[in-house]
Every structure is written in C-alpha cells, then in structure tokens.
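Peer 1: Taken in order, the sequence shown gives residues 0 to 206; the numbers are from numbering that gives the first Met the number 0. For each residue, glycine too, the CB sits at the ideal point set by N, CA and C. Computed from a prediction, not measured in an experiment: that's the story for all the values here. The following block contains the structure, expressed as structure tokens.
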Amino acid sequence: MLYPHYRKTIETVFNTKVFDNYGGEGIMVSGQCEYGNYHINDTNLIIEIVDRDNNPVQKGWMGRILLTDLTNYSMPFIRYDIGDLGQLKAGTCECGRGLSLMKQPKGRDTDIIYLSNGNYLIVHFFTALFEFYSEVKQFQVIETDFDKLQLNLVVTEDFNCQLLKEIKFKITESAGMHIDIWENIVDEIPATSSGKRRFVIAKKRNG
Ligand SMILES: [Zn+2]
C-alpha cells in the first residue's frame, strides 16, 4: 500500500511524481492518471464492491473488492475475493479517459477494526493520525478483543503522556464510543513472516 507519507518521501527523495497502480493475482485492476484518479481497467475486468454479506454497496461506499478477469482463460477468476477493501468513485476524470474510477484501495479486509456500535477504524485512519506525531517513529494497532486496542509504539524521547492522551482521545472520538486502549512502548515492531510490517492487526472473526 502506498501511504501518503511513503508517497511524500519517495517524491521528495527521487524528485519525481509517483503514479500508483493497484492489482493482484496477475490482474491489473487500476492505475493513476496525471490527475491522480485511479482508472479501472474496464476493458479487461469487472470489479464489484460488496458488503460482508456479499450484497453490492452503493457507489462511493466502502466494501470488499470482487474481481472478474475477462482475459485470463487459463486461470479463470470469477467474482474472486482478493481480500482488499475499496470504493468506486462516481463521475468522470478531467484527463478525458472514459474508464471508470475507484478510490485508492483501503488495505486488506483483515486490517479493519469493526466496533460494536457499527463504526469501524481502517488502516488509513491510523496512518493519517500518526503522521501528525513525529514523536512516534512506528506504530502498530492490535485489536486484542472487541472494542479493545493495544497500541505498540516506537517513540522518540520527546514523547510524553500528554501526547498519548491526545492520541487516545482522537481514536475514541473517531470510534464514536468508549474503547479500551492501552499502550505498549517497544524498541521495535517486528515484521511478519512475509517481511511486511502490519499497521493494524484486527481480531479474526468467525464467518
Ligand atoms: Zn484521469
């Protein structure tokens, strides 16, 4: 996932503009044009956005991405659940390409924390939140139980209780309910066995 702070760093260091693509399982789903919109590769695939019960959601709403590849005859993907969250986007793009639009994918569907009041917290919320705190060098949010979060933080020496209180307040505010949050100041956040560092680890749910 290309997070805004990755994009900023890459564009600064290499003095260039980043164009992001989205795809998986050999399916090229969408790519950014010069206006920053993600154009869907409509001629090669069908993309559907569905809720947890596999019903289509309204355009602009977030849901799970299902892909049907129209060109791969040797390995058919039909309504394939790629495990990502995304949103379609209404309207057309100024660039003039007729291809339909989607928003930047929102990460893995396992990276979403569903709350008991019906709200949810997604990885983009946390990356945007912690971007404001240079005192936090790395973070990881683990949903240990329903409405309970553990924050693993790698911090600088300027980090303090006041900042922590502020961070917890912002998470609670976005959740729209009381949730238990406790912090765990660590030296480093280990990568998973695949070598990726996960920002959010949601609790596994049955069904
Ligand atoms: Zn465009």
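Taking the alpha carbon of residue 114 as the point to measure from, which residue in 134, 60, 143 has its own alpha carbon closest?
Peer 2: Working through the sequence shown from its first residue, we reach residue 114 at position 115. Per the Cα distances, 143.
Peer 1: Does the Cβ of residue 20 lie closer than 6 Å to at least one heavy atom of ligand 1?
Peer 2: Locating residue 20 in the sequence shown gives position 21, counting from the first residue. Residue 20: no, Cβ never under 6 Å from ligand 1.
Peer 1: Between which two residues does the beta strand (DSSP E) carrying residue 173 extend?
Peer 2: Taking the sequence shown and counting its residues from 1, the one referred to as residue 173 is at position 174. No beta strand (DSSP E) holds residue 173; the alpha helix (DSSP H) holding it covers 160–174.
Peer 1: What's the gap between the Cα of residue 168 and the Cα of residue 44?
Peer 2: Taking the first residue of the sequence shown as 1, we reach residue 168 at position 169. Taking the first residue of the sequence shown as 1, we reach residue 44 at position 45. Going by the C-alpha atoms only, they are around 42 Å apart.
Peer 1: Between 37, 156, 84, which lies nearest to residue 97 when the distance is taken from Cα to Cα?
Peer 2: Here residue 97 refers to the residue found at position 98 when the sequence shown is read from its first residue. When only C-alpha atoms are compared, the closest one is 37.
Peer 1: Measuring only the C-alpha atoms, how far is residue 107 from residue 156?
Peer 2: One-based indexing of the sequence shown puts residue 107 at position 108. One-based indexing of the sequence shown puts residue 156 at position 157. Between residue 107 and residue 156, the C-alpha separation is close to 32 Å.
Peer 1: Take residue 197 as the anchor and find which of 180, 121, 145, 89 has the nearest alpha-carbon.
Peer 2: If you number the sequence shown from 1, residue 197 lands on position 198. Considering only alpha carbons, the answer is 121.
Peer 1: Answer yes or no: the CB of residue 34 versus the heavy atoms of ligand 1, is any distance below 6 Å?
Peer 2: For the purposes of this step, residue 34 is taken as the residue at position 35 of the sequence shown. Indeed, a heavy atom of ligand 1 lies less than 6 Å from the Cβ.
Peer 1: Buried or exposed for residue 193, going by 16 or more other Cβ atoms inside 10 Å?
Peer 2: To locate residue 193, count along the sequence shown from 1; it is residue 194. Classification for residue 193: exposed.
Peer 1: Can the beta-carbon of residue 154 be found closer than 7 Å to that of residue 130?
Peer 2: Working through the sequence shown from its first residue, we reach residue 154 at position 155. Working through the sequence shown from its first residue, we reach residue 130 at position 131. No, these two residues do not count as a Cβ contact at 7 Å.
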